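Quick note: the sequence shown uses the numbering used here, first residue 1266, plus one each step.
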Amino acid sequence: MTEIKIEHNPSEERLRELGVSGWAIWEKEISKFPIDFDETECAYVLDGEILVTPAGGEPVRILPGDLVVFPAGLDSQWEVVKPLRKHYSYDFPDGI
């Protein structure tokens, strides 16, 4: 199974090194939907709460301040519990 990696509350220096403030922003209302990742996505959650359940796995709770890697090949079900706002990038094919 492909694993979601979470770094809780990374330092401002780490976020600067990665250039997170320059990444695109994605917003989503409260909802449920599947997402299958064809490429690795790195994300930094600004607001909201999501439960991401990998196919055949346990739900993963993702909150503001989490730096997350959704690896290529991950098939998942998303539940946006609180309206989501996150930075995201596909510039790190091997994750961060």
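Backbone N, C-alpha and C fix where the C-beta goes; we use that ideal spot for every residue, glycine too. All figures in this text were calculated on a predicted structure; none of them were measured in a lab.
Host beta strand (DSSP E) of residue i (start-end)
| i | result |
| --- | --- |
| residue 1306 | 1306 to 1319 |
| residue 1280 | First-last for residue 1280: 1277 to 1283, but that is the alpha helix (DSSP H), not the beta strand (DSSP E). |
| residue 1343 | 1340 to 1354 |
Beta-carbon contacts of residue i that lie in its chain and below 6 Å, excluding the five residues immediately before and after
| i | result |
| --- | --- |
| residue 1292 | 1350 |
| residue 1314 | 1328, 1346 and 1347 |
Span separating the alpha-carbon of residue i from that of residue j
| i | j | result |
| --- | --- | --- |
| residue 1280 | residue 1286 | 8 Å |
| residue 1289 | residue 1359 | 19 Å |
| residue 1331 | residue 1341 | 18 Å |
Residues near residue i by beta carbon distance below 8 Å, same chain, minus five either side
| i | result |
| --- | --- |
| residue 1276 | none |
Nonlocal neighbours in the same chain, by C-beta distance under 7 Å from residue i, ignoring five residues either side
| i | result |
| --- | --- |
| residue 1283 | 1361 |
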